[in-house]
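Novice: Could you have a look at this structure, given as structure tokens, before my questions?
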Amino acid sequence: MEISRRDLIKLSVAAGAALSASSIVRAQAASSDTRVLRLVLGTLPVSFDPLFTTSGDTQDHGLAIYDTLFAFDSKRVARPQMIDNWNVSKDRLTYTFALRDGLGFHDGAPVTAADCVASIRRWGAAAPGGKMLMEMAKDVSKKDERTFTISLREPFELLIDTLASPTQFLAVMREKDGKLSPTEQVTDNIGSGPFKFNRALAKPGANFTYDRNEKYVPRKEAPDGLAGGKIVEVDRAIWENISDQQTALAALQAGEIDFLLNCPADFYPTIESDPNLQLQVVLAGGQDYFARVNFLQSPFDNVKARQALLHLVDQEAFLRVTAPDPRYAQRITSMFGNGSPYSNDENTGWYKKGGDPERAKQLFKEAGYAGEKVVILDSTDWAQGDNCAQLLASELKKIGVNAELAPSDWAGVAARRANKGAVEGDGWNIHISNWPNLALSDPIGCALLQASGENAWYGWPKNDEYEALRAKWAVVRTLDERKALARKMQHLWWDFVGAVFLGQAVEPSARRKTLTGVISNDLGRCPMWNMQKVSA
């Protein structure tokens, strides 16, 4: 009898759950404690500083312990979070912000305007949106203990939206942390958010513990996206590190964990047939998978080699290894993602179902490619990324490219992709990642959409004409103007090939039915607040 992969997974999960007596004991204890939440949100963060890296694990950690001045709701409208009220001068050059009552850091100190000013300045040296704001700002200054101002050289029509951006978000830190360079990591984990990081219980490689901030004063509005009241319904949340997906599913079935953020498609039938489990699309906007090339190193310092990769990719093939269930998969050809007001079809003639390997082969030849090694960073503890890296290497080899995988865990990829040097010195040529689809509608705040050379995000694309257009985004006032600008930007983007999309995947999460209040959003983040456990 032939056993399918899906049946094999079911059998191994059942066997693993049945054979682990200690797991059953732990499950009974876990399921009976409705005040402790156990989550698997991916790999544990290596960096705790949301301005030091764009990694999703660090961003989710940061959202738990830090609060923000503004946040987007489910309709992507920026709402005040730490701000009580603000006003804009008639000439639209001065914004004045007043903090709301009840804001305090985990160490007992009150949040002041000086903390906000320092945090804005640090964010302004690291995040793309922050950098653009600081270029347009004359001053960011404290007015009194609860009030600060941002003075501009010219009107910045998207200033509030930029302050609310969830990508490398503006985490409000203590003044002394905000004064650190963004290249120096903040490690104290002292914020003013709804959770406190429990350093004493931290077990790197195993789990991190977050305690309810009993002094946190949530807003009175209902939670909506990343905005509204951040109400913590449990005493403690434990972020478990379970890298093996079958083990994670077995733990979910046994009640050892309550929530599994990333759920492989092979598991959907098992979850849907289990009366205790529920699939839920938490990251509703999905993730746009892409290959980012290193513009500083051969062969991709030559635009024809980058264009070759664009023609080579068969998105349908990559979607089969990232989102094999067609309900959750979609091709993507616009640099602004799918479904945004700015998504368009400008300069997308390169797209061809099945790809065009012969055209890719010819372009590599025109680029002068002579068989040098092409190193692809491969995150082996991230199944979708690993599958994409292996498939891309295979397709490159078919057209004569000397592709070589560099396997490591995600932490290794995140560290190595910062290396601008040659592959012989531990550099790289291609790395695979993904970005929340909706974030691509914000070319100011989305680091992937920068093209400012060595100041850009990993890969370091450079195109001055494109960057000049991106700068205009902040000052145009109407939607129609930005739509016209989007087409011009996209025309250039696909000429110099800022990234190569592999497809868009919406990946449902899995939870026990006793877990409620999980906030679905299309902002690419998984907030821990509002979740609560009920007795079975």
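Position 408 of the sequence shown, counted from 1, bears residue number 417 in the numbering used here, the numbering being contiguous throughout. Idealized CB from N, CA, C, for every residue including glycine.
Rounded to a whole number of angstroms, what is the C-alpha to C-alpha distance between residue 494 and residue 373?
Specialist: Counted from its first residue, the sequence shown places residue 494 at position 485. Counted from its first residue, the sequence shown places residue 373 at position 364. One C-alpha to the other measures close to 31 Å.
Novice: From which residue to which residue does the alpha helix (DSSP H) around residue 318 run?
Specialist: Residue numbering aside, residue 318 sits at position 309 when the sequence shown is read from its first letter. Here the alpha helix (DSSP H) through residue 318 covers 312-321.
Novice: With C-beta atoms as the reference, is residue 297 less than 9 Å away from residue 443?
Specialist: For the purposes of this step, residue 297 is taken as the residue at position 288 of the sequence shown. For the purposes of this step, residue 443 is taken as the residue at position 434 of the sequence shown. Result yes, Cβ atoms of residue 297 and residue 443 sit closer than 9 Å.
Novice: Grouping DSSP H, G and I as helix and E and B as strand, with all else coil, what is residue 31?
Specialist: Sequence index remark: in the sequence shown, residue 31 carries index 22 (1-based). Residue placement at residue 31 is flagged as unreliable, the pLDDT there being 42, under the threshold of 50; a coordinate-derived value is accordingly withheld.
Novice: Run the CB neighbour count on residue 406, radius 10 Å, all protein chains shown included, and call it buried at 16 or more, exposed below.
Specialist: Your numbering for residue 406 matches position 397 in the sequence shown. It counts as exposed.
Novice: Answer yes or no: do residue 522 and residue 287 have a C-beta to C-beta separation smaller than 9 Å?
Specialist: Counted from its first residue, the sequence shown places residue 522 at position 513. Counted from its first residue, the sequence shown places residue 287 at position 278. A contact, by the Cβ cut-off of 9 Å.
Novice: Inspect the CB distances between the stretch 431-439 and the stretch 343-358 and report whether three or more fall short of 8 Å.
Specialist: no
Novice: Are there 16 or more other CB atoms within 10 angstroms of the CB of residue 162, so buried, or fewer, so exposed?
Specialist: On the sequence shown, position 153 is the one that residue 162 refers to. Exposed, since its Cβ has fewer than 16 Cβ neighbours within 10 Å.
Novice: Anyone know if the C-beta pair for residue 213 and residue 337 falls short of 9 Å?
Specialist: On the sequence shown, position 204 is the one that residue 213 refers to. On the sequence shown, position 328 is the one that residue 337 refers to. Not in contact: residue 213 and residue 337 (Cβ atoms no closer than 9 Å).
Novice: Would you list the one or two residues that DSSP bridges to residue 445?
Specialist: Here residue 445 refers to the residue found at position 436 of the sequence shown. BP columns for residue 445 point to 296.
Novice: Relative to the C-alpha of residue 158, which residue among 504, 539, 388, 107 is closest?
Specialist: On the sequence shown, residue 158 is found 149 positions in, with the first residue counted as 1. If we check each option's Cα against that of residue 158, 107 comes out closest.
Novice: In terms of residue numbering, what span does the alpha helix (DSSP H) encompassing residue 504 cover?
Specialist: Along the sequence shown, read from residue 1 onward, the residue named residue 504 stands at position 495. Where residue 504 is concerned, the enclosing alpha helix (DSSP H) stretches over 488-505.
Novice: When you compare the CB positions of residue 125 and residue 181, do they come within less than 9 Å of one another, or not?
Specialist: On the sequence shown, position 116 is the one that residue 125 refers to. On the sequence shown, position 172 is the one that residue 181 refers to. Yes; because the gap between Cβ atoms is below 9 Å, this pair is in contact.
Novice: Any idea if residue 477 is buried or exposed, counting beta-carbon neighbours within 10 angstroms, 16 or more meaning buried?
Specialist: Reading the sequence shown from its first residue, position 468 is the one you call residue 477. So residue 477 counts as exposed.
Novice: Where residue 383 and residue 62 are concerned, what is the direct C-alpha to C-alpha distance, given to the nearest angstrom?
Specialist: In the sequence shown, residue 383 corresponds to position 374, counting from 1. In the sequence shown, residue 62 corresponds to position 53, counting from 1. If I take the Cα positions, the gap works out to 25 Å.
Novice: Would you please state the rounded distance, in angstroms, between the beta carbons of residue 300 and residue 401? I believe it to be under 8 Å.
Specialist: Indexing the sequence shown from 1 puts residue 300 at position 291. Indexing the sequence shown from 1 puts residue 401 at position 392. Residue 300 to residue 401, Cβ: 6 Å. Contact.
Novice: Within 10 angstroms of the Cβ of residue 544, are there 16 or more other Cβ atoms? Answer buried if so, exposed if not.
Specialist: The sequence position of residue 544 within the sequence shown is 535, counting from 1. Residue 544 is exposed by the Cβ-count criterion.
Novice: Only counting the same chain, and skipping five residues up and downstream in sequence, which positions put a Cβ closer than 8 Å to that of residue 135?
Specialist: On the sequence shown, residue 135 is found 126 positions in, with the first residue counted as 1. Within the same chain, residue 135 has close Cβ partners 60, 61, 177, 191.
Novice: Please report how far the alpha carbon of residue 500 lies from the alpha carbon of residue 542, in whole angstroms.
Specialist: On the sequence shown, residue 500 is found 491 positions in, with the first residue counted as 1. On the sequence shown, residue 542 is found 533 positions in, with the first residue counted as 1. Their Cα atoms are separated by approximately 49 Å.
Novice: Output the distance between the C-alpha atoms of residue 184 and residue 324, rounded to the nearest integer angstrom.
Specialist: Position 175 of the sequence shown, counting from 1, holds the residue named residue 184. Position 315 of the sequence shown, counting from 1, holds the residue named residue 324. The alpha-carbon separation between residue 184 and residue 324 amounts to approximately 46 Å.
Novice: Looking only at its own chain, which residues have a Cβ that is under 6 Å from the Cβ of residue 236, when we skip the five neighbours before and after it?
Specialist: The residue you call residue 236 lines up with position 227 of the sequence shown. Contacts found: 80, 82, 88.
Novice: Determine which residues share a DSSP beta bridge with residue 205 and list them.
Specialist: Sequence index remark: in the sequence shown, residue 205 carries index 196 (1-based). Its beta-bridge partners are 220.
Novice: Using the rule of at least 16 other Cβ atoms within 10 Å of the residue's Cβ for burial, across every protein chain shown, is residue 49 buried or exposed?
Specialist: Stepping through the sequence shown from its first residue, residue 49 is reached at position 40. It is buried - the Cβ of residue 49 has at least 16 other Cβ atoms within 10 Å.
Novice: Going along the chain, which residues of its own chain have a beta-carbon closer than 6 Å to the beta-carbon of residue 497, five neighbours each way excluded?
Specialist: Position 488 of the sequence shown, counted from the start, is the residue given in the question as residue 497. The answer, listed in chain order, is 478.
Novice: In the DSSP assignment, find the alpha helix (DSSP H) that holds residue 368 and state where it starts and stops.
Specialist: Counted from its first residue, the sequence shown places residue 368 at position 359. First-last of the alpha helix (DSSP H) with residue 368: 366-375.
Novice: Considering just the uninterrupted stretch of the beta strand (DSSP E) at residue 45, what are its terminal residues?
Specialist: Numbered from 1 along the sequence shown, position 36 holds the residue referred to as residue 45. Here the beta strand (DSSP E) through residue 45 covers 45-49.
Novice: Starting from the C-beta of residue 429, find all residues in its chain whose C-beta is less than 6 Å away, skip the five residues before and the five after it, and write them out in chain order.
Specialist: By one-based count along the sequence shown, residue 429 stands at place 420. Excluding positions up to five away in sequence, the list reads 305.
Novice: Excluding the 5 residues flanking residue 94 on each side, which residues of the same chain have their C-beta closer than 7 Å to its C-beta?
Specialist: If you number the sequence shown from 1, residue 94 lands on position 85. Here the set comprises 107.
Novice: Closer than 8 Å is the cut-off here; do at least three beta carbon pairs connect the stretch 222-233 with the stretch 247-261?
Specialist: no
Novice: Within the same chain, show all residues whose beta-carbon is closer than 7 Å to that of residue 411, passing over the 5 residues directly before and after it, in chain order.
Specialist: For the purposes of this step, residue 411 is identified with residue 402 of the sequence shown, where counting begins at 1. Same-chain partners within the cutoff: 380, 381, 382, 383.
Novice: CA-CA distance, residue 326 and residue 348?
Specialist: Within the sequence shown, the letter at position 317 stands for residue 326. Within the sequence shown, the letter at position 339 stands for residue 348. Spanning the two alpha carbons is a distance of roughly 22 Å.
Novice: Buried or exposed: where does residue 241 fall if 16 or more other Cβ atoms within 10 Å of its Cβ makes it buried?
Specialist: Numbered from 1 along the sequence shown, position 232 holds the residue referred to as residue 241. Classification for residue 241: buried.
Novice: Please classify residue 147: does DSSP put it in a helix, a strand, or coil?
Specialist: As a working note, residue 147 is residue 138 in the sequence shown. Residue 147 falls in the strand class under three-state DSSP.
Novice: Just tell me which of 138, 291, 369 has its CA closest to the CA of residue 272.
Specialist: By 1-based counting over the sequence shown, the position of residue 272 is 263. Of the listed residues, the one whose Cα sits closest to residue 272 is 291.
Novice: Helix, strand or coil: which one does DSSP assign to residue 236?
Specialist: Counting from 1 along the sequence shown, the entry for residue 236 is found at position 227. If DSSP states are grouped into helix, strand and coil, residue 236 belongs with the strands.
Novice: Say whether the stretch 65-72 touches the stretch 528-535, bearing in mind that this needs 3 or more beta-carbon pairs closer than 8 Å, one atom from each stretch.
Specialist: Touching, per the Cβ criterion.
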